[in-house]
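Going by the numbering used here, the sequence shown wraps up at 93, each residue one higher than the last. We put the beta carbon where it would ideally sit given N, CA and C, even for glycine.
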Amino acid sequence: GKKGKGSNGGKPRNAIIVTEVPYLCNKAALLEKIARLVNEKKLTGISDLRDESDRDGVRVVIELKRDAVPAVVLNNLFQKTPLQGTFSGN
4 GKKGKGSNGG
14 KPRNAIIVTE
24 VPYLCNKAAL
34 LEKIARLVNE
44 KKLTGISDLR
54 DESDRDGVRV
64 VIELKRDAVP
74 AVVLNNLFQK
84 TPLQGTFSGN
């Protein structure tokens, strides 16, 4: 569910956490594609991309710029990459 705006444990930035990669999608290729789109300025609002996955599961952290709107960034991700709406923003 959506939480109201306000303090969330002193994290200054918005981030989109990806905990599920589409079934036939290669995670490394997906990260590479996102990074390339960011570099080519085709995806804006993203400040950092980290893969924190371990053997227990997928956890990709997409850090957003301070002025980015998470819903807009997500929408662009869905349009331009194989990602699907299966994960939580905050």
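Query, Result
"DSSP state of Val72 mapped onto helix, strand, coil", "coil"
"Cβ shell of Pro171 (< 7 Å), same chain only, five flanking positions each side left out", "The question about residue 171 has no answer here: the residues shown for the chain are numbered 4 through 93."
"Leu35 to Asp54 span [Cα, whole Å]", "Strictly speaking, residue 35 in this sequence is Glu, with Leu absent from that position. Taking the straight line from one Cα to the other gives about 11 Å."
"Backbone secondary structure at Arg39 - three-state DSSP", "helix"
"Residues of its chain near Gly60, where Cβ-Cβ distance is below 8 Å and the 5 sequence neighbours each way are ignored", "Thr22"
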